[in-house]
Structure formats: structure tokens, C-alpha cells
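A.B. asks: Numbering of the sequence shown is given in my numbering, commencing with residue 21 and proceeding in unit increments.
The beta-carbon is built from N, C-alpha and C at its ideal position, and this holds for glycine as well.
Take this structure first; my questions come after.
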Amino acid sequence: MKFGGLVAVSNVSFQVADGEIHALIGPNGAGKTTVLNMISGLYRPGKGSIIFNGQSIVGRSPHVIARLGIARTFQNIRIFEGLSILESIMVAQQVRTSVNLISTLLKTPGARQEERDIVKKATRALEFVGLSHRKEMDAINLPCGQKRLMEIARALATEPKLLLLDEPSAGLNEKETLDLVELIGQLSKQGMTVILIEHNMRLVMNISDRISVLDHGDKIAEGTPTEIQDNPKVIAAYLGTEKYHA
Ligand SMILES: Nc1ncnc2c1ncn2[C@@H]1O[C@H](COP(=O)(O)OP(=O)(O)OP(=O)(O)O)[C@@H](O)[C@H]1O
Ligand SMILES: [Mg+2]
Numbered sequence: 021m022k023f024g025g026l027v028a029v030s031n032v033s034f035q036v037a038d039g040e041i042h043a044l045i046g047p048n049g050a051g052k053t054t055v056l057n058m059i060s061g062l063y064r065p066g067k068g069s070i071i072f073n074g075q076s077i078v079g080r081s082p083h084v085i086a087r088l089g090i091a092r093t094f095q096n097i098r099i100f101e102g103l104s105i106l107e108s109i110m111v112a113q114q115v116r117t118s119v120n121l122i123s124t125l126l127k128t129p130g131a132r133q134e135e136r137d138i139v140k141k142a143t144r145a146l147e148f149v150g151l152s153h154r155k156e157m158d159a160i161n162l163p164c165g166q167k168r169l170m171e172i173a174r175a176l177a178t179e180p181k182l183l184l185l186d187e188p189s190a191g192l193n194e195k196e197t198l199d200l201v202e203l204i205g206q207l208s209k210q211g212m213t214v215i216l217i218e219h220n221m222r223l224v225m226n227i228s229d230r231i232s233v234l235d236h237g238d239k240i241a242e243g244t245p246t247e248i249q250d251n252p253k254v255i256a257a258y259l260g261t262e263k264y265h266a
């Protein structure tokens, strides 16, 4: 993946097994978010392949990829101004719905049923992250930690098979981070596959099945948390960066 003359990601190849929590770590600018952006269809790589459930998804548009069962959160939280928390979750589910605009406007029985389903799924996702008691609140007024949870709920409400999390613990306090670990663990137990970008090394080492390490757009290591902790290449890549707290 190039941006003008800058090669943001090259020589990165990894596989994520069904139900696995796979972490992507690496110093700032390593190319982690760019990898997620390619998987979710925001960027189209110049070369390479991305296979999801045996099907090539490289270059497909984000809504097609979302419909295939991939959902994500963003490193920089995106909030729709003027929407309640529940509405913010419902908006994301439109990728899944089949009823067309005319029947929505005419409020046909099909459209009404579909809307009830959307509300139900959104509510369930909010319950899962512990935010259902705040569903009527303006999303913009949530504290940062809860905005991150809302983003996860928004992704979950689309019922993905693969969840992409870009620095979900950024801006969370210690208690919220522990809750997040618990939540991701529960998702994993339910069979969800997760690709997780994280700078919080304790979190990464606790919950990941496997870790891929990127540096300057290349994958420099892959392995279990124990293997990665002791890898000299990984330690060298991180030396001098202030975000390394392992
Ligand atoms: N849309 C873009 N246009 C131009 N350059 C970009 C774009 N997106 C990313 N880059 C560049 O690509 C490189 C990789 O960026 P990326 O955001 O993927 O890093 P990252 O590993 O997610 O870093 P961080 O830990 O800081 O979030 C950086 O040099 C970045 O400046
Ligand atoms: Mg990033």
C-alpha cells in the first residue's frame, strides 16, 4: 500500500484462524491502521491479496465487506452529532438490512419488522458492552471510555464474524481497560474472530492467541505472546519509543 511515494505497508502476510484473537503491534507509523483499512475496504492496496472465508475481498467496497461479516472500530472515534447512542448503533446496521427505501418510507409491515429487529440487535449490543442504561443519551456527551464501548457495540450490532479493533483501550482508565479485556475475552469465547491493534502491552500479552509485529510497513515477527516478548527484533523496534510499557 503506497501513499504517493511512501510505502506504508509491504511484505506483510499473516493468517488469522477462526475464533482467534490476533494482535497487530508495532511502533507509531508501522502500518497497523493501514492494514485494517485495507481489510475493511477503505484502502485498495496496489498489490497483494486479502482472503476472508476463502473469498478474495481485496478492493471490494467497505459496505460489501461489512455485509460479508467484517466490522471495525476506528482509532479516532467517529460520532454522529445529534444522534442518541441507540440511534448511533442503529445507523451502522443499515449495511445488513434488505428492505428498500420505498417500503421504509411507506412503513410497510416488512419495514416495521425490520426496524424492530434493528432496535433489538442494537439494544442487545449495548447491553453486551454495559451501555443500555444510557441508550437515549446523546452519543456526543459520553465520556471517552464509553464512546469506545459504543463503537464496539456499533460493530457488534452488525453481527460480524471478524471484528477489527483499532486501539480500543486508547483513552480508557485502568478499570475500563480491565472491563475491555473481559469483554474481548467473552467475544472470543462466543467464537468471534478478532484482529486487535493495541499499544497497551499488558493487554496484548494477556488476551492474544498470536501476535504479528509490524515495523516500517514490514512484518518483523509473529508468534505467541511469550515468543514475541523475548524476540530481539521486536525489542529493538520498540527501543526508544515512549509507548512501550511491557
Ligand atoms: N491516508 C494516508 N495518506 C498518506 N499517508 C498515510 C495515510 N495513512 C497512513 N499514512 C502513512 O502510512 C504510514 C503508516 O501509517 P498507519 O496509520 O498505518 O500507522 P500505525 O501503525 O497505525 O501508527 P499509530 O500507532 O500511530 O496509529 C505512516 O507513515 C502514515 O503517515
Ligand atoms: Mg494506527
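Under the criterion of a Cβ to heavy atom distance below 7 Å, does K239 qualify as lining ligand 2?
C.D. replies: For the purposes of this step, residue 239 is identified with residue 219 of the sequence shown, where counting begins at 1. No, Cβ of K239 sits at least 7 Å from all heavy atoms of ligand 2.
A.B. asks: Could you tell me if the beta carbon of N290 falls within a distance shorter than 7 Å of some heavy atom in ligand 1?
C.D. replies: Within the shown structure, residues of the chain are numbered from 21 to 266, placing residue 290 beyond reach of any answer.
A.B. asks: Is K4 near ligand 1, judged by its Cβ being under 7 Å from some heavy atom?
C.D. replies: Any answer about residue 4 is impossible in this case: the structure gives the chain only from 21 up to 266.
A.B. asks: Helix, strand or coil for L207? Go by DSSP, reduced to three states.
C.D. replies: Along the sequence shown, read from residue 1 onward, the residue named residue 207 stands at position 187. Helix, per DSSP.
A.B. asks: Under 6 Å Cβ to Cβ from H265, same chain only, skipping five residues before and after it: list those, please.
C.D. replies: For the purposes of this step, residue 265 is identified with residue 245 of the sequence shown, where counting begins at 1. Note that H265 scores 49 on pLDDT, short of 50, meaning its location in the model is unreliable and no value can be drawn from it.
A.B. asks: With 16 as the cutoff for other CB atoms within 10 Å, does R132 come out buried or exposed?
C.D. replies: Counted from its first residue, the sequence shown places residue 132 at position 112. Exposed, since its Cβ has fewer than 16 Cβ neighbours within 10 Å.
A.B. asks: Is I105 a contact residue of ligand 2, with contact defined as CB to any heavy atom under 7 Å?
C.D. replies: Reading the sequence shown from its first residue, position 85 is the one you call residue 105. Not so, every heavy atom of ligand 2 lies at least 7 Å from the Cβ.
A.B. asks: With distances taken between CB atoms, is the gap from T4 to L223 smaller than 8 Å?
C.D. replies: This structure cannot speak to residue 4, because the chain is shown only from 21 to 266.
A.B. asks: Taking 8 Å as the cut-off, does the region 33-52 touch the region 197-217 (at least 3 CB pairs, one atom from each stretch)?
C.D. replies: Counting Cβ pairs under 8 Å, three or more are found: they touch.
A.B. asks: Taking the DSSP output, what are the residues bridged to Q75?
C.D. replies: In the sequence shown, the residue the question calls residue 75 occupies position 55. F72, per the DSSP bridge assignment.
A.B. asks: With DSSP as the reference, please indicate the residues paired to D186 in a beta bridge.
C.D. replies: The residue given as residue 186 occupies position 166 in the sequence shown. According to DSSP, which records beta bridges pairwise, D186 is partnered with I217.
A.B. asks: Count the other C-beta atoms from every protein chain shown that fall within 10 angstroms of the C-beta of D250, then say buried if there are 16 or more, exposed otherwise.
C.D. replies: On the sequence shown, residue 250 is found 230 positions in, with the first residue counted as 1. The residue is exposed, with fewer than 16 neighbouring Cβ atoms inside 10 Å.
A.B. asks: In three-state DSSP terms, what is L56?
C.D. replies: What you label residue 56 is simply residue 36 of the sequence shown in a count that begins at 1. Helix at L56.
A.B. asks: Is A173 closer than 8 Å to L207 when the C-beta atoms are compared?
C.D. replies: If you number the sequence shown from 1, residue 207 lands on position 187. If you number the sequence shown from 1, residue 173 lands on position 153. No, the pair does not count as a contact, with Cβ atoms beyond the cut-off.
A.B. asks: Can you give me the start and stop residues for the alpha helix (DSSP H) that V149 sits inside?
C.D. replies: For this step, residue 149 is matched to residue 129 along the sequence shown. Here the alpha helix (DSSP H) through V149 covers P129 to V149.
A.B. asks: Taking the beta carbon of Q166 as the centre, do at least 16 other beta carbons fall within 10 Å, making it buried, or is it exposed?
C.D. replies: For the purposes of this step, residue 166 is taken as the residue at position 146 of the sequence shown. Buried.
A.B. asks: Quick check: the region 57-70 against the region 231-247, are at least 3 beta-carbon pairs closer than 8 Å?
C.D. replies: Segments in contact, no.
A.B. asks: Give me, in chain order, the residues of the same chain whose beta-carbon lies closer than 8 Å to that of G205; leave out the 5 immediate sequence neighbours on both sides.
C.D. replies: The residue labelled residue 205 in the question sits at position 185 within the sequence shown. So the qualifying residues of the chain are I227.
A.B. asks: Looking only at its chain, what residues have a beta carbon closer than 8 Å to the beta carbon of K263, apart from the 5 residues adjacent to it on each side?
C.D. replies: The residue you call residue 263 lines up with position 243 of the sequence shown. Residue placement at K263 cannot be trusted, given a pLDDT of 48 that sits under 50; what the coordinates show is reported in the next sentence. So the qualifying residues of the chain are P47, N48 and H219.
A.B. asks: What residues are listed by DSSP as bridge partners for K239?
C.D. replies: Numbered from its first residue, the sequence shown carries residue 239 at position 219. DSSP, once it has assigned bridges, lists L234 as partnering K239.
A.B. asks: With DSSP as the reference, label R174 as helix, strand or coil.
C.D. replies: Walking along the sequence shown from the start, residue 174 turns up at place 154. In this structure, R174 counts as helix in the three-state DSSP scheme.
A.B. asks: Please report whether the beta-carbon of R80 lies at a distance below 8 Å from any beta-carbon of chain B.
C.D. replies: As a matter of chain content, chain B is missing from the structure shown, which is built from one protein chain.
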